[in-house]
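The next block holds one structure in the form of C-alpha cells; read it before the comments.
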Amino acid sequence: MGKVGRVVAGVVLIAGAIVAGAFGQGHLAIALGSMGLNIIYNEAFGMRGLVERQSRVLGNVSDPNNYVPLIYGETRVGATMADVRVDTFSKENKRLVLVPSFCVGSQDLGDVEGIQKIYFDEVVAWDNSVGVRFPYNTAIDDTTDVTQTNHLKVTVHEGSATQLVDPDLVALFFAKGWTTLSRGRGVCCAVLFLWANEDVYPNGIPRVNALIRGQRCFDPRTSTTIYTTNPAIIIRDFLTSPLYGFNVATADLVDQTFIDMANHCDDLVSKPGGGTQKRFEANGWVDTSRTLTSNLADLATSCRAQVFETGGKWHIHIRRALAVSGLKIDKDNTVEGSWKFFLPGSRDVPNVMRATYIDPGQDYRPDTVQWPEAGAANAALINDNNFESRFAIDLPYTDNRVRAQQT
Numbered sequence: 010m011g012k013v014g015r016v017v018a019g020v021v022l023i024a025g026a027i028v029a030g031a032f033g034q035g036h037l038a039i040a041l042g043s044m045g046l047n048i049i050y051n052e053a054f055g056m057r058g059l060v061e062r063q064s065r066v067l068g069n070v071s072d073p074n075n076y077v078p079l080i081y082g083e084t085r086v087g088a089t090m091a092d093v094r095v096d097t098f099s100k101e102n103k104r105l106v107l108v109p110s111f112c113v114g115s116q117d118l119g120d121v122e123g124i125q126k127i128y129f130d131e132v133v134a135w136d137n138s139v140g141v142r143f144p145y146n147t148a149i150d151d152t153t154d155v156t157q158t159n160h161l162k163v164t165v166h167e168g169s170a171t172q173l174v175d176p177d178l179v180a181l182f183f184a185k186g187w188t189t190l191s192r193g194r195g196v197c198c199a200v201l202f203l204w205a206n207e208d209v210y211p212n213g214i215p216r217v218n219a220l221i222r223g224q225r226c227f228d229p230r231t232s233t234t235i236y237t238t239n240p241a242i243i244i245r246d247f248l249t250s251p252l253y254g255f256n257v258a259t260a261d262l263v264d265q266t267f268i269d270m271a272n273h274c275d276d277l278v279s280k281p282g283g284g285t286q287k288r289f290e291a292n293g294w295v296d297t298s299r300t301l302t303s304n305l306a307d308l309a310t311s312c313r314a315q316v317f318e319t320g321g322k323w324h325i326h327i328r329r330a331l332a333v334s335g336l337k338i339d340k341d342n343t344v345e346g347s348w349k350f351f352l353p354g355s356r357d358v359p360n361v362m363r364a365t366y367i368d369p370g371q372d373y374r375p376d377t378v379q380w381p382e383a384g385a386a387n388a389a390l391i392n393d394n395n396f397e398s399r400f401a402i403d404l405p406y407t408d409n410r411v412r413a414q415q416t
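Below, the structure written as C-alpha cells:
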C-alpha cells in the first residue's frame, strides 16, 4: 500500500459536514446521493481494467477518508469532497459550499503545476486563464452579499505544504468547526461557492472534475525541479519519494541510466501523416491505495521500461535500437550444454495486439487501438490458420493514440 494513506480530517480540511439545509428553493433540494456522493471506492484497481479505473477516478466521493490520487503529467480527475454544506445565513439558503480535493502536492513540498480547468458535469465552469465561465459568471440576485457576486466563486489551493486556510471558509463557518488549522496542506483542492439558480444549475448539484498538471519532479539532467511528462524522470520521482513512493536514497540510483532514458523519451519521432512528437510521455494518475510495486509497474508501461534494483542500486532500461556490437556466438565463447531451447506458446507469439489507453478527446475515458487494424492484412494470423491469439495491455499513462500503437 502506498505511503500517502487516506485523506483524513485535519490533514486535508475537515470531515464532511452534513448539509444543514436545502440548496436554495425546493426545486434544488437535491439529496447528496443524486450527485454520486454515496459511491465509496473500497476496492483497489485490479483486473477490471481501465474502464473501471477511470470511472472511479472521474466520480465524486463524499468520504473524507478516501485516498487521493497522485498526478503525473496532465490528466482529469474527479473529487473527494472534504466538505459539503449550505450557508444557512445566505439569502434563502442559496449558497452551497463544496470543498473538493483532487490530488497530492509535489514531493518538493510545493504546489503541483496547477489546476487548469474545473468542470461541472461535462461543462468547463472555470479555467486558469479566464476564470469563471458563462453562465456561472452571471450576477446573483443579492447585491448585498459580501462573499460572492456571481453564481460561482472559485478559490484554488494547489497542494503546498505551507498553504493557509481559506479565509472565506473561516469567515463563514468558524463557529461550525472550520478553524485556522483546516489548511489542507499537501493536498491540491478548491473552494467552490455555488449560488442556487435553476437556469444556471439545471441539474442541481454538479459532478466536479478538474484537469490538473501534477507533480513537479527533480530532473538530474539540469538539477532543477520542474513540471514534466518525461516517464524516466517521473519514475525517478516515484522511486525517491518518502511520501508516496519507495523512499530510495538518491545515492542508491544509477542516475546516468535515468538521464540516458530521459533523453531517449524526449527524442522526436515522426507521426503518421506528418509532424513529430516526443517518443514517450506519461500523463495519468496514481492510485495511492495500491501497492508501490503495482504502481511502479503501471508507470513503466508509459515507456516500455524495466526498472530494477541490483547490487543495492536502482536502474532504468528501455529497449531501443543501438549500434550492432559485432558479437558472434560460437563454440569459442559458449559452454557446451549451456543452451536450452523453448518452444513459445500462443501468449508469447500473438498475432493480434490490442492496447487500451486514455483518450482526452473522449473526456479521459478509455479507448483501444489494435495492430494490425481490424480488416487489415495479417500474415501472422494467416500463418496460424486464422486462429486469433490476442495480447492485450492497459496503458494507464498513455493518452495518445499514435503513442499507444508505438508502445
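Sequential numbering of the sequence shown, starting at 10, is according to my numbering. Don't be surprised by glycine CBs; every beta carbon is placed ideally from N, CA and C. Quick caveat: nothing in here was measured; it's all calculated off a predicted structure.
Burial state of residue i (16 or more Cβ within 10 Å)
{"i": "residue 315", "result": "exposed"}
{"i": "residue 102", "result": "buried"}
{"i": "residue 148", "result": "exposed"}
{"i": "residue 207", "result": "exposed"}
{"i": "residue 219", "result": "buried"}
{"i": "residue 93", "result": "buried"}
{"i": "residue 51", "result": "Per-residue confidence for residue 51 stands at a pLDDT of 26, beneath the threshold of 50, marking its modelled position as unreliable; no derived number is given."}
{"i": "residue 331", "result": "exposed"}
{"i": "residue 371", "result": "exposed"}
{"i": "residue 344", "result": "exposed"}
{"i": "residue 336", "result": "exposed"}
{"i": "residue 40", "result": "Residue confidence is low: residue 40 scores 26 on pLDDT, short of 50, so the model does not pin down where it sits. Its coordinate-derived value is still stated next. Residue 40 is exposed by the Cβ-count criterion."}
{"i": "residue 296", "result": "buried"}
{"i": "residue 153", "result": "exposed"}
{"i": "residue 25", "result": "Annotation note: pLDDT 31 at residue 25 (below 50); position unreliable, no value reported."}
{"i": "residue 365", "result": "buried"}
{"i": "residue 189", "result": "exposed"}
Contact under 7 angstroms by Cβ, residue i with residue j
{"i": "residue 119", "j": "residue 169", "result": "yes"}
{"i": "residue 369", "j": "residue 289", "result": "no"}
{"i": "residue 202", "j": "residue 172", "result": "no"}
{"i": "residue 200", "j": "residue 237", "result": "no"}
{"i": "residue 459", "j": "residue 229", "result": "The first residue shown for the chain is 10 and the last is 416, placing residue 459 beyond what the model contains."}
{"i": "residue 59", "j": "residue 403", "result": "yes"}
{"i": "residue 191", "j": "residue 174", "result": "yes"}
{"i": "residue 96", "j": "residue 178", "result": "no"}
{"i": "residue 311", "j": "residue 406", "result": "yes"}
{"i": "residue 155", "j": "residue 142", "result": "no"}
{"i": "residue 73", "j": "residue 91", "result": "yes"}
{"i": "residue 413", "j": "residue 363", "result": "no"}
{"i": "residue 167", "j": "residue 121", "result": "yes"}
{"i": "residue 63", "j": "residue 374", "result": "yes"}
First through last residue of the alpha helix (DSSP H) which encompasses residue i
{"i": "residue 182", "result": "176-182"}
{"i": "residue 58", "result": "58-66"}
{"i": "residue 301", "result": "301-309"}
{"i": "residue 269", "result": "264-275"}
{"i": "residue 411", "result": "410-415"}
Sequence-distant residues of its chain with Cβ nearer than 8 angstroms to residue i (five each side left out)
{"i": "residue 249", "result": "116, 227, 255, 256, 257, 258, 259 and 262"}
{"i": "residue 305", "result": "244, 247, 248, 255 and 316"}
{"i": "residue 233", "result": "227"}
{"i": "residue 410", "result": "366, 368, 376 and 378"}
Neighbourhood of residue i by C-beta distance below 6 angstroms, restricted to the same chain and skipping five residues each side
{"i": "residue 129", "result": "215"}
{"i": "residue 80", "result": "112, 221, 223 and 294"}
{"i": "residue 14", "result": "At residue 14 the pLDDT is 33, less than 50, meaning the model places this residue with poor confidence; the figure from the coordinates comes in the next sentence. Excluding residues within five positions, none has a Cβ falling inside 6 angstroms."}
{"i": "residue 144", "result": "209"}
{"i": "residue 127", "result": "134, 135 and 219"}
{"i": "residue 100", "result": "151"}
{"i": "residue 146", "result": "159"}
7 angstroms CB neighbourhood of residue i in its chain, flanking five on each side removed
{"i": "residue 243", "result": "81, 226, 237, 291 and 308"}
{"i": "residue 273", "result": "288, 327 and 329"}
{"i": "residue 320", "result": "none"}
{"i": "residue 415", "result": "none"}
{"i": "residue 324", "result": "263, 266 and 317"}
{"i": "residue 195", "result": "113, 114, 168 and 170"}
Boundaries of the beta strand (DSSP E) in which residue i is found, first to last residue
{"i": "residue 154", "result": "Where residue 154 is concerned, there is no enclosing beta strand (DSSP E), given that its DSSP letter is neither H nor E."}
{"i": "residue 379", "result": "374-380"}
{"i": "residue 314", "result": "314-319"}
{"i": "residue 80", "result": "79-81"}
{"i": "residue 129", "result": "123-129"}
{"i": "residue 240", "result": "Residue 240 -> not in any beta strand (DSSP E); alpha helix (DSSP H) instead, spanning 240-249."}
{"i": "residue 202", "result": "196-204"}
{"i": "residue 9", "result": "Residue 9 falls outside the range modelled here, since the chain spans only 10 to 416, and no answer is possible."}
{"i": "residue 296", "result": "Counting along the chain, residue 296 falls outside any beta strand (DSSP E), and DSSP gives it neither H nor E."}
{"i": "residue 98", "result": "Looking at the DSSP string, residue 98 is not in any beta strand (DSSP E), and its letter there is neither H nor E."}
{"i": "residue 219", "result": "217-222"}
{"i": "residue 187", "result": "Where residue 187 is concerned, there is no enclosing beta strand (DSSP E), given that its DSSP letter is neither H nor E."}
{"i": "residue 136", "result": "132-136"}
{"i": "residue 361", "result": "361-368"}
{"i": "residue 209", "result": "It is not in any beta strand (DSSP E) - residue 209 carries neither H nor E in the DSSP assignment."}
Residue i CB to nearest heavy atom of the ligand NAD below 6 angstroms
{"i": "residue 117", "result": "No copy of the ligand NAD appears in this structure; indeed no ligand is present at all."}
Is it a yes or a no for the stretch 179-186 touching the stretch 72-90, going by three-plus beta-carbon pairs under 8 angstroms? no
Touch check for the stretch 272-280 and the stretch 378-386: three-plus C-beta pairs under 8 angstroms? no
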